[in-house]
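Asks:
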Amino acid sequence: AFVGKNLTSSDAINASNETLLHIAAANGHLAIIEYLINKGAKLNVKDKKGRTPLHRAAEKGQDDAVKVLLQAGAYIYSLDKEAKTPLHLAAQNHHTHILKRILKEEARCYKNQQNFLHMAALKDESNLAQMLLKNGAPVDAKEEKGQTALGYAISQGFEKTVKVLLEAGLSPDMMVSALFKAVQKNLHGIVAALVDRGTDINAHNEMQYTPLLMACEMGKTETAEVLIAKGASLEEKMPNSNTVLHLAVQAGAVSITNLLLRKGMNANITSQGEQTPLHVAAFHNKGSIVDILINAGAKINAVTKELVTPLHVASQRGNVDVAQQLLNHKANVNVKDKQSETPLHLAAEKGDHAMVELLLSFNADPNAMDKEKKTPLHTAAMGGHLNTVKVLLAQKARFGIKDMDGCTPMHYATIKGNAEIVQILLTAGKNKNIDDKNIWRKTPLHLAAEHGHGDLINLLLSNGSAINALDNNKDTPLHCACKAGHFNSSSALLPLRRRSPARGDSPLAPVGRSGLASLQPSRSVAPRRGAWRGCRPRAPLVRKRPGWTAHGRGDVGVGTGLSPRAAGPGHPPMAQPVRRGARERPGCRPPPPHRPCASVGQGPRWRALWAEGAIEMPLAAPGV
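Numbering of the sequence shown is given in UniProt numbering, commencing with residue 1 and proceeding in unit increments.
#1: Thinking just about the alpha-carbon of each residue, which of A91, L213, L69 is nearest to the one in L21?
#2: CB-CB under 7 Å to T304, same chain, minus the five flanking residues each way: which ones, in chain order?
#3: Counting along the chain, where does the alpha helix (DSSP H) carrying C480 start and finish?
#4: Less than 9 Å between the beta carbons of A121 and A149, yes or no?
#5: Which class does T221 belong to by DSSP, given the choice of helix, strand or coil?
#6: Out of curiosity, what's the CA-to-CA distance linking L478 and I467?
#7: What does K237 pair with, by DSSP beta-bridge criteria?
#8: Using only CA atoms, which one of H353, K373, I415 lies nearest to A394?
#9: Indicate the three-state DSSP secondary structure (helix, strand or coil) for Y152 in the structure shown.
#10: Do N186 and K220 count as a contact pair if the criterion is CB distance below 9 Å?
#11: So which of N240, M238, K299, A215 has the shortest CA-CA distance to I228?
#12: Name the two residues that bound the continuous alpha helix (DSSP H) containing A428.
#13: Straight-line CA distance for R317 to L461?
#14: Look up K60 in the DSSP assignment and say whether it is helix, strand or coil.
#15: Return the CA-CA distance between L168 and S126, expressed in angstroms with no decimal places.
#16: For V45, which of helix, strand or coil comes out of DSSP?
#17: Beta-carbon within less than 7 Å of N334's beta-carbon, same chain only, minus the 5 sequence neighbours each way: which residues are those?
#18: With C-beta atoms as the reference, is F362 less than 9 Å away from L377?
#19: Once DSSP output is grouped into helix, strand and coil, what is the label at P138?
#20: Select from E144, H97, M382, G146 the residue whose C-alpha is nearest the C-alpha of K134.
#21: According to the Cβ coordinates, are L459 and I415 closer than 9 Å?
#22: Would you kindly work out how many angstroms separate the C-alpha atoms of V322 and L194, rounded to a whole number?
#23: Could you check which residue in M238, N240, N258, H94 has the C-alpha nearest to that of A224?
#24: Going along the chain, which residues of its own chain have a beta-carbon closer than 6 Å to the beta-carbon of G252, five neighbours each way excluded?
#25: Does DSSP put Q272 in a helix, a strand or coil?
#26: DSSP three-state call for R441: helix, strand or coil?
#27: With DSSP as the reference, label C407 as helix, strand or coil.
#28: Report the three-state DSSP secondary structure of Q339 (helix, strand or coil).
#29: So, are the CB atoms of L170 and A178 less than 9 Å apart?
#30: For the candidate residues V226, S255, Q208, whose alpha-carbon lies nearest to that of T243?
#31: Report whether the distance from the Cβ of E34 to the nearest heavy atom of the ligand ADP is below 8 Å.
#32: Given a cut-off of 9 Å, decide if A331 and N295 are closer than it, judged by their beta-carbon atoms.
#33: So what's Q324 in DSSP terms, helix, strand or just coil?
#34: Check each candidate in L425, A58, Y412, G417 and name the one with the smallest Cα separation from L396.
#35: Can you tell me where the alpha helix (DSSP H) holding E144 begins and where it ends?
#36: Please go through the same chain and pick out, in chain order, the residues whose beta-carbon is closer than 8 Å to the beta-carbon of K100, but skip the five residues on each side of it.
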């Protein structure tokens, strides 16, 4: 019992932390190994160097001991402190029979996971990889993520190991996949090796790239040079018709671009939409390639299907350096695209101050019109670009030009609510265009009211804008503000109105429809004292007759302007105007007391405002 207890103990028994199983495995004592295993000895316990009993047996070449340990379930991928497995130790000591036994165990029990060949590829252990392949390791085995040993070697850039794996023979699909990976990593030596091994140099991947198309787009100069030297096709295109030259220009790959042009590629070759490489250079701001393309014969004013030139592209993208190069090569600064927009239109629309100044310095027309008759000043005002507006006005841009809707730049600045631009335009035009009307006969003040820009209303009014101007609907700015439900705009306009609009409707009639309840009159507010003073001549007061008034008793109601008249039989009393100097007749039916009307334009609050001249009341007010 004592011997059995000591034999099965997993505690270390010497200074190297070795157990009995370590010693038995190293010396090949099968009977003791089997006895210890049967007694429950731990198979994967490690000594001071991090080695298991299987490490010791593999290192010493104890084939039978390795076999017993493997059958008992010893872990073959266990790493010691030097990151070595039992297989590494067997290979180092040239124990080929041990290596083969471990590989068989791996194939039997460890499928679809990272294996010894994968590990060798990851560590660039080309000699071990070669040994494994010679002893039956499958070169195309994949781990759980589908990666092969070749994929690992390429991802790490281990050219020597890649060549070892290639010599083992791979399927065409694996070769093509490896070629694209090598291109991505710019491993031109591996690319050359793969092509030399028969890999299809013009194969397409799932994204329809060929190896050369990919190399050009990624700017992998050395790889592209190898592929071109190995005979890759220069005629291949992407689904959008981009060629290798388009992609090289896009990447800014000067060397590849020069090489392709030397190989005879047309500098004006077009892609989808008829874009040339020069368009691509302008779009991606590749100034270093612009001169190369032009010197190779690229057309400076080449147009796409939309009649867009490279200068249009550079102007819209804000690529000042490229635009400067194009202009230096005599690009047409006033050329128009399909929408009749010039490069200056596009730069002004973006508010690119530097680009606008550059184009104007090359005599761009500041008053050029597009299809909608908009000038660059229109587009700058629409975008709210203050500095651009200043630059254009300084170059004699016409501030009063109307587009096809009859709108001036001030109309658009007003819609945007940009008071600074409106002020600049007013100053430039000395207020002459302040009441310009568009095709709907709306002035900037109409638009300011319609869009609720109270600050602009004050600015326009202070500069003399017509407060009672009428649009096509006979609406004044106040009508527009009320219809849109803008309280601040209405408040800004109310105290300033003095005249009645031509059509007779109250400008506040839309209030009830707009839901702007805060503008409706309060029925509880009594008219201020003297509210009617100074308005229209009042009707003379009727004389008092004791005991009789218009309301039963007391004095006659002042200022009603009406005297009840008895009707004939069967008819209700009728009201008629009191003639000047007429007296009240007794016996008449008193009129009903005044009831505040919910309609806009009636009620005590509105009578008071009308009496002060603050608003118009086209309808006759009660009591006059």
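Note that the Cβ used here is the ideal one computed from N, Cα and C, for glycine as well.
Replies: Looking at the atomic coordinates:
#1: L69
#2: G273, E274, Q275, H279
#3: 477-484
#4: In contact: A121 and A149 (Cβ atoms closer than 9 Å).
#5: Three-state DSSP puts T221 in a helix.
#6: 8 Å
#7: T243
#8: H353
#9: Under the three-state reduction of DSSP, Y152 is assigned to helix.
#10: yes
#11: The candidate whose alpha carbon is nearest that of I228 is A215.
#12: 419-429
#13: 39 Å
#14: helix
#15: Reading off the sequence, residue 168 comes out as Ala, not Leu. One Cα belongs to A168, the other to S126, and the distance between them is close to 12 Å.
#16: The answer is coil: DSSP assigns V45 none of H, G, I, E or B.
#17: T342, A364, D365, A368
#18: no
#19: coil
#20: H97
#21: Judged by their CB atoms, L459 and I415 are not nearer to each other than the 9 Å cut-off.
#22: 40 Å
#23: N258
#24: K286
#25: coil
#26: coil
#27: C407 sits in coil when the DSSP states are folded into three classes, being neither helix nor strand.
#28: It is coil, neither helix nor strand.
#29: yes
#30: For the set V226, S255, Q208, the Cα lying nearest the Cα of T243 is the one of Q208.
#31: Judged by which ligands are present, the structure shown has none, so any question about the ligand ADP falls away.
#32: no
#33: helix
#34: Residue identity check: residue 396 is Lys in the sequence provided, not Leu. It is L425 whose Cα lies nearest to the Cα of K396.
#35: From DSSP, E144 is part of no alpha helix (DSSP H); its letter is neither H nor E.
#36: Apart from the 5 residues on each side of it in sequence, K100 sits with its Cβ closer than 8 Å to the Cβ of N135, G136 in its chain, given in chain order.
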